[in-house]
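First up is the structure itself, then whatever we jot down about it.
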Ligand code: NDP
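Numbering (the working numbering), first residue to last: 3 to 335.
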């Protein structure tokens, strides 16, 4: 399939262009708001066509799909334009600035009969899928709690709009809490009902939060503790799921690489859990292609992206107001 890239981004350069090619896809065209940078980027990444106007890229009938990885405030309009042009869409998280905008994108794709996916990479990793399988198989019994450790250090080359531009969707909550919300939904198979939260700045954020901690309540009664930050160089990432018959400890797994260790602890002792170490982004694209062929759903659907955004925005609202917030999913729940 031929793809158009919308956004000359770091994530496309570092992960997604390579993943598309590894999955046998052709990266045929690029649209960027900056003509000069776009041509440098296209030359560096061997992308044959550059379009300064999005409409010109979308007018190419040979492009079947687009990958949107612009800054967050642009996703909605770009996705709606791509859908109107009949393209399947793989869109970066957060899908949009509001739940209503995100839901409108997903509904538009549904009405047009197009595949729309959210690029939540963590649920594509072998480690997260292994943790989910252990939970589903009942290996830890009834799930009591999930702790998500996702306080990392934002690398210097990403310290731009994420730390200083609320209008572009900056802040650790739209950037990382949104991933954690997807992880929780993916692992536990249920949607957070309400959240309490605090957020702040701890060295990087200018006008947006760079750190957040929150507690989420699930319909089952399970409690979730989530910690995200841009300012923790040595904290390490991971997750723990605790049940009444066992616990799962996954260290170093909140990452873009297929790495980390997963242990299961039960009355029988501690066992190391093996998992598949495939590339997360190739898996996302493989699942997307299957969906285009009518064989199943993308790894994270559009509605998954609406739901993760709904949780993240509830966390921010809870932190801003100092009150418990019920999560408003629109039509996603
Ligand atoms: P970047 O800042 O690298 O790119 C975002 C946009 O900024 C680009 O589309 C481009 O605009 C512009 N831009 C990029 N580099 C420059 C530059 N040197 N000078 C001026 N403008 C520049 O962002 P990321 O790649 O980190 O993130 C893009 C999207 O992907 C976000 O929505 C983010 O949340 C998501 N993301 C998802 C990840 C995942 O694993 N799922 C991981 C990282 C990010 P233009 O559109 O005009 O080309």
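Every residue, glycine too, gets a C-beta built ideally from N, C-alpha and C.
If you draw a straight line from the alpha carbon of residue i to that of residue j, how long is it in whole angstroms?
i	j	result
residue 2	residue 291	This structure cannot settle anything about residue 2, because the visible part of the chain is limited to 3 through 335.
residue 13	residue 103	23 Å
residue 164	residue 222	34 Å
residue 274	residue 182	24 Å
residue 19	residue 47	8 Å
residue 100	residue 315	8 Å
residue 81	residue 272	46 Å
residue 37	residue 107	27 Å
residue 93	residue 306	12 Å
residue 39	residue 62	22 Å
residue 266	residue 219	24 Å
residue 236	residue 252	17 Å
Among the residues of its own chain, which have a CB less than 7 Å from the CB of residue i, if the five just before and after it don't count?
i	result
residue 247	142, 143 and 268
residue 146	224, 244, 245 and 246
residue 208	165 and 166
residue 317	175, 179, 197, 199, 214 and 216
residue 171	73, 74, 75, 96 and 99
residue 132	264, 275 and 277
Three-state secondary structure (DSSP) at residue i?
i	result
residue 46	helix
residue 290	helix
residue 234	coil
residue 245	strand
residue 130	helix
residue 161	coil
residue 123	coil
residue 279	coil
residue 14	helix
residue 257	coil
residue 142	coil
residue 187	helix
residue 117	coil
residue 154	coil
residue 334	The predicted position of residue 334 is uncertain, since its pLDDT is 49 and thus under 50; no value can be drawn from it.
residue 252	strand
residue 295	coil
Grab the span of the beta strand (DSSP E) containing residue i for me, first residue to last.
i	result
residue 6	4 to 8
residue 309	Note, residue 309: premise wrong, no beta strand (DSSP E); alpha helix (DSSP H) at 304 to 323.
residue 92	90 to 93
residue 97	Per DSSP, residue 97 belongs to no beta strand (DSSP E) and is neither H nor E.
residue 271	271 to 274
residue 268	263 to 268
Which stretch, first to last residue, makes up the alpha helix (DSSP H) that contains residue i?
i	result
residue 112	101 to 114
Considering only residues of the same chain and omitting the five flanking positions on each side of residue i, which have a CB-CB separation below 6 Å?
i	result
residue 64	4
residue 9	71 and 72
residue 23	none
residue 288	25
residue 335	Because the pLDDT at residue 335 is just 46, under 50, the model does not fix this residue reliably, and the value given afterwards should be weighed accordingly. So the list reads 193, once near-sequence residues are dropped.
residue 294	90 and 117
residue 6	31, 59, 65 and 68
residue 52	32, 40, 41 and 44
residue 201	211, 214 and 321
residue 29	5, 19, 22 and 49
Looking only at its chain, what residues have a beta carbon closer than 8 Å to the beta carbon of residue i, apart from the 5 residues adjacent to it on each side?
i	result
residue 83	56, 57 and 60
residue 254	238, 239, 240, 261, 262 and 263
Quick one: is the Cβ of residue i within less than 7 Å of any heavy atom of the ligand GDP?
i	result
residue 258	This structure simply doesn't include the ligand GDP; it includes the ligand NDP instead.
Residue ranges of each alpha helix (DSSP H) within the region 19 to 81, 4 or longer: 19 to 24, 37 to 46 and 56 to 60
Within the region 193 to 239, ranges of the alpha helix (DSSP H) (whole runs, at least 4 residues): none
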